[in-house]
Every structure is written in structure tokens, then in C-alpha cells.
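Visitor: Residue numbering for the sequence shown is 313 to 668, as defined by my numbering.
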Amino acid sequence: MTFKELSSVQCPDDFEELAEKVLPPEVFAYLKGGSGRGRTALANQDAFLAWDLLPKLLPGLLLDSTSKGNVGMNLCGVGFSSPILLAPLAHQALYHPEAELAVAKAAAASSTGMVLSQWSSTGLADVASILNNQSAAQSPLLTQMYFLNNQAHNLSLIESFHSSGSQAIVLTLDAAIQQPSMDAMRAGFVMPKNWSNTHSMAGAVGIADIEWLLKNTHLPVMAKGVLSAKDAILLKQIGVQGVVVSNHGGRTVDGVPAALKQLPAIRHAVGPDYPILFDSGVRSGYDVFKAIALGANAVLIGRLQAYALAAAGALGVGYLLKILNQELTAAMSLCGCNTLAEINADCLQSVHILER
Ligand SMILES: Cc1cc2nc3c(=O)[nH]c(=O)nc-3n(C[C@H](O)[C@H](O)[C@H](O)COP(=O)(O)O)c2cc1C
313 MTFKELSSVQ CPDDFEELAE KVLPPEVFAY LKGGSGRGRT ALANQDAFLA
363 WDLLPKLLPG LLLDSTSKGN VGMNLCGVGF SSPILLAPLA HQALYHPEAE
413 LAVAKAAAAS STGMVLSQWS STGLADVASI LNNQSAAQSP LLTQMYFLNN
463 QAHNLSLIES FHSSGSQAIV LTLDAAIQQP SMDAMRAGFV MPKNWSNTHS
513 MAGAVGIADI EWLLKNTHLP VMAKGVLSAK DAILLKQIGV QGVVVSNHGG
563 RTVDGVPAAL KQLPAIRHAV GPDYPILFDS GVRSGYDVFK AIALGANAVL
613 IGRLQAYALA AAGALGVGYL LKILNQELTA AMSLCGCNTL AEINADCLQS
663 VHILER
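#1: Suppose you measure from the CA of ALA488 to the CA of ILE545; what does that come to, to the nearest Å?
#2: Please report the distance separating the alpha-carbon of HIS465 from that of SER433.
#3: Bridge partners for ASN656 per DSSP, in chain order?
#4: Give me the residue from PHE601, MET503, GLY614, PHE473 with the minimum Cα distance to HIS560.
#5: Does ASP585 pass the burial test, meaning 16 or more other C-beta atoms within 10 Å, or should it be called exposed?
#6: Please report how far the alpha carbon of TYR407 lies from the alpha carbon of ALA623, in whole angstroms.
#7: How many angstroms separate the CA atom of GLY500 from the CA atom of ALA570?
#8: Could I get the ranges of all uninterrupted alpha helix (DSSP H) runs contained in the segment 557–631, with 4 residues as the minimum, in chain order?
#9: Given that a residue counts as buried once 16 or more other Cβ atoms are within 10 Å of its Cβ, and exposed if not, what is VAL611?
#10: Beta strand (DSSP E) containing LYS333: first to last residue?
#11: Tell me the rounded alpha-carbon separation between PRO367 and GLN661.
#12: Considering only the beta carbon of each residue, do PHE601 and LEU365 sit closer than 8 Å?
#13: Ignore the nearest five residues each way along the sequence and tell me which others in LEU330's own chain have a CB closer than 6 Å to its CB.
#14: Exposed or buried, LEU606, counting other C-beta atoms within 10 Å across all chains shown (16 or more means buried)?
#15: To the nearest angstrom, report how far apart ASP325 and LYS527 are at their CA atoms.
#16: Report the rounded CA-to-CA distance for LEU428 versus LEU454, giving the unit in angstroms.
#17: Per DSSP, what kind of secondary structure is ALA535 in: helix, strand or coil?
#18: Suppose you measure from the CA of SER422 to the CA of ALA496; what does that come to, to the nearest Å?
#19: Tell me the DSSP secondary structure of SER377 in three-state form.
#20: Which residue's Cα is closest to the Cα of VAL321: GLY391, ALA480, ALA520, VAL629?
#21: Keeping to the same chain, check which residues put their C-beta closer than 8 Å to that of PRO529; ignore five residues upstream and five downstream.
#22: Which word fits ARG563, buried or exposed, when buried means at least 16 other C-beta atoms lie within 10 angstroms of its C-beta?
#23: Threshold first: 3 residues or longer. Then list the beta strand (DSSP E) segments lying entirely within the segment 450–524, N to C.
#24: Output the distance between the C-alpha atoms of ALA437 and VAL565, rounded to the nearest integer angstrom.
#25: Please state the DSSP three-state secondary structure of LEU401.
#26: Using 8 Å as the threshold, is the C-beta distance between GLY597 and ALA657 below it?
#27: Using the C-alpha atoms, what's the distance from GLN450 back to ALA419?
#28: Check whether the Cβ atoms of ILE522 and VAL568 lie closer than 8 Å to each other.
#29: Less than 8 Å between the CB atoms is what I'm expecting for VAL594 and LYS548, so what's the real figure, rounded?
#30: Please state the DSSP three-state secondary structure of CYS649.
#31: For ALA440 versus MET426, is the C-beta spacing smaller than 8 Å?
#32: Out of MET457, ALA541, ASN444, which one is the CA nearest neighbour of ASN476?
#33: Could you check whether the Cβ of GLN430 sits closer than 7 Å to any heavy atom belonging to ligand 3?
#34: Quick check: the Cα distance between LYS286 and ALA514, rounded to an integer number of angstroms?
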């Protein structure tokens, strides 16, 4: 896809349509699908519709909604130039021959943080060499980890994170059970045989495992897949440096709550200063704004990233990030927020208020 063709993209959702046109139907169904009937995946997106943005016109509406506002931030000691980061997505060669290399190029070109999946199609060193390149302005690399059922393998994984220049470890805790998507099965999707993921993954991860990880790394660790305040408090107490409020995009067990619904209670429980990343259901920069208003420090972009990758490789992902950042700054302008710190729940109105 050329740059000219790309300019037909008006909003992030357009990438989903483009991806559907270029991907084999069963691969698209696998990517789009949520576990089971996909109810949680749908609920993730619907949860954003329960909130409206509340404009603040006075004093002085910021008029230049296309200029990049002050959206820099710091999370676990790592500096980011935007709160919009790229989520870990396994096996991206399914969507584009350049796979994670294309995503890393887009991240480097747009100064975006990227979380690389443990099950990436491209090796960690190759991705790191793009993100750690001196000319790349500020595109921190974070590495996602699943516990493996062999401690020596876990140690060498951690060592590879250290030597790659990773700035934090995102430990995914919610993927011990991943029910397949019915849509993907009906479309005939079969996991390629050489995907060794589930065979080598440890089952449920316990507190002792997490404490072991904390002892064996100097990097900050964020726990991904948190949906309850109770779990968040426990993780904070044992020394985990942050959490990712997420239900894996509705890809674990169908029927768990929409991630956005859980976010305010988790923020309340861990206090204002504890780092929270959020994902699941984010489909626009306005959604990013809502997640920050409800307690997130930053947001991970999942499926949208793969749709843009499938549609147009690095160019597509770069363009997606540009639109998302523009939408975020437009929402900030409308709601009178000059910085991310000024975004809070007062910027939103619950749709239910109107229905009463
Ligand atoms: C195709 C696909 C592969 C994924 N692979 C991983 C993975 O390897 N590790 C991980 O922690 N999460 C993985 N996730 C979950 C994402 O990191 C993220 O939590 C989710 O996509 C967010 O929801 P969204 O797609 O609605 O934005 C995957 C999600 C999808 C759609």
C-alpha cells in the first residue's frame, strides 16, 4: 500500500477493514476473535461507550487540536514521549512478512514504546537493534514474559532481556487458560505446528515465582492481566512495580469483565502513584483519553496494531500511531487538559446519568 492509498484511512477502524481484505479469512478470524463466543471481547469495546467526553470550553479552549500536546510521561522510571504503546502480540509473521521488524521501525520512527511478545516471529536482538539505534529518538523496548516450565529456560530468557537493552519486563499472568475463538475455529484456523507456546508455558504462576523473578532481574516488572483490586494490591505488596489492567483482549476465558469496568476500582485500591498500564478494547485516541481519565497512566494497542501491520507494514503502524496521538490530543484540547496529569474522571460523564 502506498502513502497515497494510506491517506484514504480516516480513523483507526479503517485498518480493520483493510486487514480483512488482505488476510486469509481464517487468520483474520483468529486475530479479531475473542475466546468462546467473543462476548468479553465485545464488552471491552462497549465499555468505552458508557462514557462521554465532557467538553470544557472556559477558560480558553485550546484550538489547535492537531498539534501534539504535552503527552510525555514516565512509567517505572522509563521515559515515553506518548502514553500510547504497542502491546505484545505473538507471531506477527501471520500478518506481514516483516512482522515485528516493521512494528519496531514504526515505533522507532514515531518515538513509541513497544512491548515485544515472548512468542515473536522476529528475534529479540533484531528488534532491539532497531529500537536501541542511536538515531531512534525515544522508543523504549519492553519485553513480555511468560513463565516457562523450566527454570533454566526462565533464567536465560531474563538474561536475554538484560542483554537486549529492555527497560522493563511485562509478566503476563492471565494466559494459563486461553479458550479458542469459535469464529476462528469455524473459519478453519489451526495453530501452526511449530508454535511451541503452550507446551513450554508453566501453568498457573504463583507468588513464589514472581518473587523469584524480582530477585533475578534489576528491571522493573509489571504484571499483565490484572482485573481485580485484590490481585493488584497483592502484586504491589510483593514488590511488583506496576500492573497492566487487561483481559488479554478477551482472549482468555469468555465471560470475564470488560477491562475498562475494572480500572477505576484498581486505581482506587493501589493509590494515585502506582504505575498502571491498560489495554483491551482500545480502538481510538478518544478511548486512550477515557482510559487515562479512569486511572491508567498509559495504554497498550493490541489488535489495531496487527490490523495496520497487515494493511501496510511499518507505514501502516506508523500512520495508525499518528492518528491515535492526534485523536488523544484533540480530546485533551476539548476537555481543557494541557498535560496527561490534568486528565481525570471529571473529564468524563457516565452515559447512564443521561438514561436515568
Ligand atoms: C493475536 C494476538 C496475540 C497476542 N499475543 C500476546 C502475547 O504474546 N503476549 C501477551 O501478553 N499478550 C498477547 N496478546 C494480548 C495483547 O497484548 C493485548 O492484551 C490485547 O490485544 C489488548 O486488547 P485489544 O486487542 O482489544 O487492544 C495478544 C493479542 C492478540 C489479539
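Where a beta carbon is used, it is the ideal one built from N, C-alpha and C, also for glycine.
Guide: With the structure as the only source:
#1: Numbered from 1 along the sequence shown, position 176 holds the residue referred to as residue 488. Numbered from 1 along the sequence shown, position 233 holds the residue referred to as residue 545. Computed Cα separation, rounded: 21 Å.
#2: Position 153 of the sequence shown, counted from the start, is the residue given in the question as residue 465. Position 121 of the sequence shown, counted from the start, is the residue given in the question as residue 433. Distance between the alpha carbons of HIS465 and SER433: 18 Å.
#3: Your numbering for residue 656 matches position 344 in the sequence shown. According to DSSP, which records beta bridges pairwise, ASN656 is partnered with nothing at all.
#4: Mapped onto the sequence shown, residue 560 falls at position 248. That would be GLY614, whose Cα lies nearest to the Cα of HIS560.
#5: Within the sequence shown, the letter at position 273 stands for residue 585. The residue is exposed, with fewer than 16 neighbouring Cβ atoms inside 10 Å.
#6: Within the sequence shown, the letter at position 95 stands for residue 407. Within the sequence shown, the letter at position 311 stands for residue 623. Taking the straight line from one Cα to the other gives about 9 Å.
#7: By 1-based counting over the sequence shown, the position of residue 500 is 188. By 1-based counting over the sequence shown, the position of residue 570 is 258. Each residue's alpha carbon lies about 27 Å from the other.
#8: 571–582, 597–605
#9: Here residue 611 is taken as the residue at index 299 of the sequence shown, counted from 1. Classification for VAL611: buried.
#10: Against the sequence shown, residue 333 aligns to sequence position 21. In this chain, LYS333 is not harboured by any beta strand (DSSP E); it is covered by the alpha helix (DSSP H) spanning 325–334.
#11: Locating residue 367 in the sequence shown gives position 55, counting from the first residue. Locating residue 661 in the sequence shown gives position 349, counting from the first residue. Going by the C-alpha atoms only, they are around 10 Å apart.
#12: For the purposes of this step, residue 601 is taken as the residue at position 289 of the sequence shown. For the purposes of this step, residue 365 is taken as the residue at position 53 of the sequence shown. Judged by beta-carbon spacing, LEU365 lies within the 8 Å limit of PHE601, meaning their Cβ atoms are closer than that value.
#13: Against the sequence shown, residue 330 aligns to sequence position 18. ALA623.
#14: Position 294 of the sequence shown, counted from the first residue, corresponds to residue 606. By the 10 Å Cβ count, LEU606 comes out buried.
#15: For the purposes of this step, residue 325 is taken as the residue at position 13 of the sequence shown. For the purposes of this step, residue 527 is taken as the residue at position 215 of the sequence shown. One C-alpha to the other measures close to 42 Å.
#16: Here residue 428 corresponds to residue number 116 of the sequence shown, with the count starting at 1. Here residue 454 corresponds to residue number 142 of the sequence shown, with the count starting at 1. Roughly 6 Å separates the two Cα atoms.
#17: The sequence position of residue 535 within the sequence shown is 223, counting from 1. Strand at ALA535.
#18: Within the sequence shown, numbered from 1, the residue matching residue 422 stands at position 110. Within the sequence shown, numbered from 1, the residue matching residue 496 stands at position 184. Cα to Cα, the separation comes out at about 33 Å.
#19: Sequence index remark: in the sequence shown, residue 377 carries index 65 (1-based). For SER377, the predicted structure reports a pLDDT of 49, less than 50, and the residue's modelled location is therefore unreliable. The matter cannot be settled from this model.
#20: Translated into positions along the sequence shown, residue 321 becomes position 9. Ranking GLY391, ALA480, ALA520, VAL629 by Cα distance to VAL321 puts VAL629 first.
#21: For the purposes of this step, residue 529 is identified with residue 217 of the sequence shown, where counting begins at 1. The amino acid at residue 529 is misidentified as Pro; the sequence shows Thr. ILE470, PHE473, HIS474, ILE481.
#22: Within the sequence shown, numbered from 1, the residue matching residue 563 stands at position 251. ARG563 comes out buried.
#23: 453–457, 481–484
#24: Residue numbering aside, residue 437 sits at position 125 when the sequence shown is read from its first letter. Residue numbering aside, residue 565 sits at position 253 when the sequence shown is read from its first letter. Spanning the alpha carbons of ALA437 and VAL565 requires a straight line of approximately 33 Å.
#25: Locating residue 401 in the sequence shown gives position 89, counting from the first residue. Three-state DSSP puts LEU401 in coil, outside helix and strand.
#26: On the sequence shown, residue 597 is found 285 positions in, with the first residue counted as 1. On the sequence shown, residue 657 is found 345 positions in, with the first residue counted as 1. Not a contact, by the Cβ cut-off of 8 Å.
#27: Here residue 419 refers to the residue found at position 107 of the sequence shown. Here residue 450 refers to the residue found at position 138 of the sequence shown. ALA419 and GLN450: Cα-Cα distance of roughly 9 Å.
#28: In the sequence shown, counting from the first residue as 1, residue 522 sits at position 210. In the sequence shown, counting from the first residue as 1, residue 568 sits at position 256. Their beta carbons are not under 8 Å apart, which means ILE522 does not touch VAL568 by this criterion.
#29: Reading the sequence shown from its first residue, position 282 is the one you call residue 594. Reading the sequence shown from its first residue, position 236 is the one you call residue 548. With 8 Å as the limit, VAL594 and LYS548 do not qualify as a contact, their Cβ atoms being about 24 Å apart.
#30: Reading the sequence shown from its first residue, position 337 is the one you call residue 649. CYS649 carries a coil assignment under DSSP once its states are collapsed to helix, strand and coil.
#31: Mapped onto the sequence shown, residue 440 falls at position 128. Mapped onto the sequence shown, residue 426 falls at position 114. No, the Cβ-Cβ distance between ALA440 and MET426 is not below 8 Å.
#32: Position 164 of the sequence shown, counted from the first residue, corresponds to residue 476. The question names Asn, yet the displayed sequence has Ser at residue 476. Distance from the Cα of SER476 is smallest, within the candidate group MET457, ALA541, ASN444, for ASN444.
#33: Looking at this structure, you won't find ligand 3 anywhere; what it does contain is ligand 1.
#34: Here the chain has residues from 313 to 668 only, and residue 286 is not among them.
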